[in-house]
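Read the structure below first, then the notes.
Structure follows, in structure tokens:
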């Protein structure tokens, strides 16, 4: 038997002055199941709550309706009050007769019927309330960090520093990422390696961090606190335990090919260390360029010279299975391929290069030892044109968004150029200079004023060769005239884009990504490092173009979120989650794609039919993942999927009560 | 009460995170609006089953309002996109069955848009008043 | 038409043990209304027929064997095969448990139209673009357009594209403009009140026999919301609101999922124009969500996905 | 292969030579060209600045008539006509309601005849370079040629849908197949300003000069076009300092196939085109005569 | 330089934008003034406004300046601008649209000869269904009173049999006349 | 029932029936066949021209006029309980012999035994039945199998016999005679009228379908678990067409509709073909599958009802045969039973 108690709050005079509560009480008392109606001046106050508690006991109430202010205000308060006398906290409903009645309908004559309706509706819902219990899940206090660039390194260090174990997975043979390829960093012009290398070493040495380089996450299953990852350790052909990193192998290896780290501007051996500061400081054998694998199975020079016997041609890929409580994704970015710009030579002209190539040319550890030599003939370029927004802000051929970092690094390039080749002149074609950051505008000004970079506002239309130089044609839009520059080298600030396999990574790990392949944060303002999958966090440019300071800040934030999770022993989940009526569920899986949290999976059930047993598939909601939005319950035509707390029965009853 | 004076009845399904909070804001800022609306709180506009909407109409609602976060701002990230798709169809379909599509509204109302909520109710009330009670039109057509 | 072919197929499949049951058609009380026939032994193959009156879509019957052992063979026309595609997309049937005997369909005859053209018609055979009807009343040659089912006049998918074997050469679809859309447009041209009156009248005839639901390959829930007690989505009382609710929900639940097979309309004993509801939704789905051939089941249904740039009418 | 052929107005006048070589080469490649009956002017560079509808209807009528011929598509040798036909085709393809509008306006029912193609496109794409090479009797050995595509055959790419609008390759490949040596140069797709040739000759002379300068600098001995407007314009608006002969690609294909300059209408070109061919040893003794 | 009164310009802005959008099937407001169009324009050296500036004039509603410019007439229609525009503005279409608007306004074209050429051309098409080059050039010369321009060239062409004296019109000359009328009606 | 036992009463011949229809329609009590959506239906008619006596049998039987699909038994509100007024008088014109024969079967269910249904009986009481001898049987008809015929008109107050381009009208009861009193028409001698009636009684159905019923009920006694049911069920769609169009099916359920403090109890048709027909509150369903439900329907018609009332619950109207979307034919079932017995 349902016994509903209704409590009407005056809220001082906030409600009572605008609503005739006596009349509300009178009409409410007539409703089916209502056994007790009471008014009180301030229900949320201690004595007010006590009134409710007392009445529950005295009148053996098993449902409570509070007519007061918005549930967004005091739902928790009254749930607690109700719970404290042994009634399930979810057997309580609130009728919002303040914000949505007395405060907006000040005339008693018209407001009172509204209040009556709202209370009746709340009673109708309360009658359909059922007791709800939260569920609890344990937490595996180990973090998985995917991607070993500056974002991943920072996140791993922060988590480890808080005392938790971290596995850092990097698909290249070394950690370091894009930042390792850079020469200097704006706006301070610190050497990139100088600030990155110590962190790499720290990550390599921290006993709580396990580095898995040359490795990739194959799959991730499970849910917050309880993920299971399969990690593929690619065959490196080098036994990392034996290798000392002495360098004999790569010094003796007779085969050279263009090096990835230098973007093909320099050469590396078939067995190689990507760059001198690599962590781990141990080589990898590239089977695609190694004579042993590609030709005759002979050569074996590296094996012969390796004193510790670390070379292992037979090594196979290996799969590790590990459990984690949280995941930080920091898989970084790529640069847009300017081969799609036919008007800039479609990537065919050797002296039209990307800005990252310029970084390698200018880097002391680069293929030219820091001398800016142009690729075609090694000449020192005197006239260098930098073009911004190549691929960025270009819906037609590139991406519509601003890549955020190009303005600043181009200013840096102009400065570095002038420092290295004092007789040079740089020209920068730009559309807008975006220098919003601490000391950024000042830095850009230095490039123009101190270093004499010639900034021309306009997008270049065409680059074509004339003799051994390049003609760059643009408009100086401030002048309103077409301009031409003859250049020795053209540097294109190509757009920052997502990794080409970002969608697959997102699908594999189970969160969403935008139309450009950047990973989507759970909320652009309030949850910028969370994904919509609980327990998976984002750091760095995999989420969107970002410079180093922003990346490091976000990595720290992601780490903080992980640590916050690990600080608990158990996760309590809200009980207002979706639930499946297995008997009704047909297993059509319509609910599955609609769930933003991947909380719905299929399970096999067996049931008796006649004398036999049959197996069939039905949906199952993981309450730890479900956020209770209810989208699945609408997708479910049969009504097998329901949302506790806002069930079909309850909303239906509310509609019927409202429309009386 | 004569037809002209009768206040139309609107059933409003408001999502907890944006629109319900927006309606609360109208209250805290004492922005008065017609007493025509009665609110049902749902976690997300994506929770609103079109069957609820038709039921409200059948039980005598003159208008139905579904309100949720602006597209892109859904608390559950994607719920309102599904809402929008679903009700693009439902609105036309209700109209096709003879429930004038002006009687149904889906609105994006954020937690800060108290005035927009009040304005929506005012507009809808006015329009519904002009449309007249729902059955009258049908009854008239039937009588021909 | 192809009775011998279907019998041979059934015999072969059952004898070889490729399938444990075979779903085809058998003659009814009158040869113009064949019924679905299940056989499980090769010698029963003689019972089967396949003629120009075999309109019933057998796909839905596959649900009956969902949890039973063995592969089921089923005779499907192009339109029926979309019904199977629907069941597959809804994970209600596993493809490897079905053996599709595809019928490239030249169009099925409307037994009422045929009977009106030749009372007592018993048989029909196709000759080019014509049909020759024979029966007690003699023989009559009629144009295909006069006697085909409405749906066959505009059939875009006469041949199943997912068949395990075909009974004959593929038949191309007819690129005929959809006349039903004109019916939808005519309704759209009415005033809201006129539409209300129209549907009230149509729905008032409904006897809630549920045949439309039960025959529909898209209505494949294990338990229908209409049968639910709590909440009582649909009142048992057959008054105006309940009839409206029934038809609104039925149509909406197949919105974006309807395979346009017209079976609901064919089976309706009260001749309620259900396809006018389905076509309206089909048309809106195609227009609003920029889909083509929305009646072809796809992996994710139009209402199971969204696009951030979907039409915005709700600001 | 049988195609509807849209010759364009200049085939009856300033490009009568192109018309000849085009038909001759098509014949050699077993392309059957059937003239679109009663074709009308496509509106060229004038209609689109005067009236948007007119600019669609004029070429649209030709497409409608061509569709009625039931051939494997419509082809035109002229880049300007190609552009206008494609603009109309694109406009019609965007919205089927326009089919009715056009049918009513031109009095011919419109049906899609497929994307209008240029003769170059047909030769390179449909016939194929292998088939072309197979016809070569006199490889154009040592002939350095600048393939000049102009603008209208390629731009804008969503309408033209042919080759890369910035770095096209098809004519270069064709020249290579004929045995010639295409030069790398920077002005392949620059506009020569033909539409202003009559009204603003002094501007056009600059454009033509820039193009020919760049071709000469790249070492070209001749310029090859696939457009009667370009050919005429380059020939007529060049200054004294430029001596490069300007060929149609069909001229060189014809020569390579062993056809005589006369059959190809080459003597109708201005300047001294035959001198170059003679110098390269590409003309037989009997072929040195008049045009 | 004169000061541009933006509030004044704004009065005709919507109308101008609407007409341009209709005729050019593109939105000039998408342009962010990068100048890539002008930089690639082969004729920008001769124009009074850069193509980019024409778009700017349209954005601001400065109809007088846009329709009175030489640019819209000097545009050769090569579509290099449209091909390269990062915002997918059909700039060549905008030029066409502005020429049409100038014609509809009955405005004297800034480039008289260019306009006269187009008029003569279309006249020739309208008359015979196809252009008769000699007739068309003759009419152009009369229109512009430039009787002797290109005399030598004409002779040269005649000599090379590339300038036939006789026209070769359609059999039914009304065919094209009807199309012109249909377009005028749709206008 | 013996059709010949009817007392001789007045008979007239009408060359033109329109004036009579107009008079009946004007009274506001006429229910008659009208054309509707490609078929025919019994509807209350206000204008005589809408009546279609050239109808073939209606898609729905006229049982709805006595046993409505939804019937409010009582309603309540704060003020108390209200029982609806009994139905007013009506004239049902055009009922066919088969449907007419179904009424006595329903009478047994609703009018005999300890629970008599006042609503049903009131409607039966207040309805004047004007039958039409069947001149348009359909291919699916098999009334003659049940001892009926196109001329079986027992129980009607009056009968219209289509004859010689007009109608021969014969009263069979006082009520019928009273109704006929004011009618025009030329009086007909009793012998002539009987001759017409006899001609109809001797007519066959068009396909001459006759199903042997001997021993069917008895045979079914032992066939509850027969595999035949599975074969039959394999075709069934589980829809309710057969039961809802049947003139004799009469299952119903009660439902309460509450709205706040007010509400009503409504009796609605139900169908044994629906899965939830026998589902109990706890979820248990004694007839969990199609086979059990299909069997129930035929057992009820051909066995259980016979056991209780010694009559088959079928009149051979052919509606279920005609309307069944998958051609599941009751005659086929009967034949199958016969086949089983023959083999046994």
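Chains as they are written, first to last, in our numbering: chain A, 204 to 863; chain B, 502 to 645; chain C, 17 to 331; chain D, 91 to 381; chain E, 25 to 211; chain F, 6 to 349. In this text, a Cβ means the ideal position worked out from N, Cα and C, and glycines have one as well. Keep in mind it's a predicted model, so treat the numbers as computed, not measured.
Exposure label - residue i; buried when at least 16 CB within 10 Å
i, result
"residue 645 of chain B", "Its pLDDT being 36, under 50, residue 645 of chain B is placed unreliably by the model, and the measurement read from it follows with that caveat. So residue 645 of chain B counts as exposed."
"residue 27 of chain C", "buried"
"residue 111 of chain F", "buried"
"residue 136 of chain D", "buried"
"residue 615 of chain A", "buried"
"residue 298 of chain F", "buried"
"residue 62 of chain E", "buried"
"residue 197 of chain E", "exposed"
Nearest neighbour of residue i, chosen from the options [CA to CA]
i, options, result
"residue 599 of chain A", "A:557, A:632 and A:545", "A:545"
"residue 1 of chain F", "F:97, F:96 and F:78", "This structure cannot settle anything about residue 1 of chain F, because the visible part of chain F is limited to 6 through 349."
"residue 350 of chain F", "F:109, F:20 and F:102", "The structure shown does not extend to residue 350 of chain F, since chain F spans only 6 to 349, so no value can be given for it."
"residue 194 of chain E", "D:252, D:227, D:126 and D:229", "D:126"
"residue 306 of chain F", "F:277, F:163, F:69 and F:289", "F:277"
Residues sharing a beta bridge with residue i, DSSP
i, result
"residue 185 of chain E", "DSSP lists no partner for residue 185 of chain E."
"residue 667 of chain A", "A:674"
"residue 325 of chain F", "BP columns for residue 325 of chain F are empty, so no partner."
"residue 147 of chain C", "C:142 and C:158"
Check whether residue i and residue j have beta carbons under 8 Å apart
i, j, result
"residue 298 of chain C", "residue 276 of chain C", "yes"
"residue 329 of chain D", "residue 361 of chain D", "no"
"residue 725 of chain A", "residue 578 of chain B", "yes"
"residue 601 of chain B", "residue 208 of chain C", "yes"
"residue 153 of chain C", "residue 134 of chain C", "yes"
"residue 203 of chain E", "residue 196 of chain D", "yes"
"residue 187 of chain C", "residue 95 of chain C", "no"
"residue 118 of chain C", "residue 30 of chain C", "no"
Distance between beta carbons of residue j and residue i, contact taken as under 8 Å
i, j, result
"residue 680 of chain A", "residue 76 of chain E", "6 Å"
"residue 486 of chain A", "residue 452 of chain A", "6 Å"
"residue 808 of chain A", "residue 819 of chain A", "6 Å"
"residue 773 of chain A", "residue 341 of chain A", "6 Å"
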